[in-house]
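Using our numbering, the first residue of the sequence shown is number 16, and each one after it goes up by one.
A virtual CB, placed ideally from N, CA and C, is assigned to each residue, including glycine.
First the structure, in the form of structure tokens, and then the observations on it.
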Amino acid sequence: MDDHGESATLVAGLSGALTEFGHRLMARVYYADTDFSGVVYHARYLEFFERGRSDYLRLAGVHHTELANGRHGEKIVWVVRRMEIDFRSPARMDDILTIDTRTEDISGARIVMAQQLKRGSEVLVKARVEAAIIGENGRPRRFPKDWVAAFLPKANG
Numbered sequence: 016m017d018d019h020g021e022s023a024t025l026v027a028g029l030s031g032a033l034t035e036f037g038h039r040l041m042a043r044v045y046y047a048d049t050d051f052s053g054v055v056y057h058a059r060y061l062e063f064f065e066r067g068r069s070d071y072l073r074l075a076g077v078h079h080t081e082l083a084n085g086r087h088g089e090k091i092v093w094v095v096r097r098m099e100i101d102f103r104s105p106a107r108m109d110d111i112l113t114i115d116t117r118t119e120d121i122s123g124a125r126i127v128m129a130q131q132l133k134r135g136s137e138v139l140v141k142a143r144v145e146a147a148i149i150g151e152n153g154r155p156r157r158f159p160k161d162w163v164a165a166f167l168p169k170a171n172g
């Protein structure tokens, strides 16, 4: 049965969008994201931020599955090396959240990304994430030069 292009439209919205500063993703808070008090459980913010980073990579042309399959000459994976999180205000069930991700720095094998999770214009949680790429042997790999242009911010967001 023909879906009249609806699937393509729905799939396009799943990954958010590249922006002048980096990437923006919208997400809804579901019951499963909350704790017994009705606010988002603290560990769930890590998942929202991970979705933002992963979709940023995907839209910039870097796919986790291609890296893990060795498409670039060897199997490569991303690892989070360090994360700083500042919890300012809780998100609640049914809130519509915006996850903004931008690149702060790229050097050698690492990338530093700044992320914000907002409800409307209110910043609820901020994170700074340092990630690296490693090869099959677990050793760091230099960030590919052709990726640098895709991840450096065009403007501070």
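Fill in: Cβ distance (whole Å) where residue 60 is taken to contact residue 100 below 8 Å
In the sequence shown, counting from the first residue as 1, residue 60 sits at position 45. In the sequence shown, counting from the first residue as 1, residue 100 sits at position 85. With 8 Å as the limit, residue 60 and residue 100 qualify as a contact, their Cβ atoms being about 7 Å apart.
Worksheet entry | Inter-residue Cα distance where the pair is residue 64 and residue 132 | Mapped onto the sequence shown, residue 64 falls at position 49. Mapped onto the sequence shown, residue 132 falls at position 117. Each residue's Cα considered, the two are about 8 Å apart.
Worksheet item: Where does residue 74 fall in DSSP's three states?
Response: For the purposes of this step, residue 74 is identified with residue 59 of the sequence shown, where counting begins at 1. Residue 74 falls in the helix class under three-state DSSP.
Item to complete: Measure the CB-CB distance between residue 139 and residue 75 and report whether it falls below 8 Å.
Response: Your numbering for residue 139 matches position 124 in the sequence shown. Your numbering for residue 75 matches position 60 in the sequence shown. No, they are not a contact pair.
Discussion item. Check whether the segment 79 to 87 and the segment 115 to 122 are in contact - that is, three or more C-beta pairs closer than 8 Å.
Written reply: A contact between stretches requires three or more CB pairs, one per stretch, nearer than 8 Å, and the segment 79 to 87 fails this requirement with the segment 115 to 122.
Worksheet entry | Contact set for residue 70: own chain, Cβ-Cβ below 6 Å, skip 5 residues either direction | By 1-based counting over the sequence shown, the position of residue 70 is 55. The answer, listed in chain order, is 30, 31, 40.
Fill in: Neighbourhood of residue 66 by C-beta distance below 8 Å, restricted to the same chain and skipping five residues each side
Locating residue 66 in the sequence shown gives position 51, counting from the first residue. 40, 42, 114.
Discussion item. One question on the structure: do residue 95 and residue 146 come within less than 8 Å of each other, judged by their Cβ atoms?
Written reply: For the purposes of this step, residue 95 is taken as residue 80 along the sequence shown, with counting starting at 1. For the purposes of this step, residue 146 is taken as residue 131 along the sequence shown, with counting starting at 1. Yes, the pair counts as a contact, with Cβ atoms nearer than the cut-off.
Worksheet item: Residues in its own chain within less than 7 Å of residue 56 by CB, not counting five upstream and five downstream?
Response: By 1-based counting over the sequence shown, the position of residue 56 is 41. Excluding the 5 residues flanking it on each side, residue 56 has same chain C-beta neighbours closer than 7 Å at 48, 49, 50, in chain order.
Item to complete: Could you tell me the boundaries of the alpha helix (DSSP H) in which residue 79 lies?
Response: Your numbering for residue 79 matches position 64 in the sequence shown. Residue 79 -> alpha helix (DSSP H) spans 79 to 83.
Worksheet entry | Simplified DSSP state of residue 3, which is helix, strand or coil | As shown, the chain starts at 16 and ends at 172. That puts residue 3 outside it, with no answer to give.
Worksheet item: Among 111, 44, 158, 119, which one has its Cα closest to the Cα of residue 93?
Response: The sequence position of residue 93 within the sequence shown is 78, counting from 1. The candidate whose alpha carbon is nearest that of residue 93 is 158.
Worksheet item: What is the residue span of the beta strand (DSSP E) that residue 144 lies within?
Response: Locating residue 144 in the sequence shown gives position 129, counting from the first residue. That run of the beta strand (DSSP E) goes 137 to 150.
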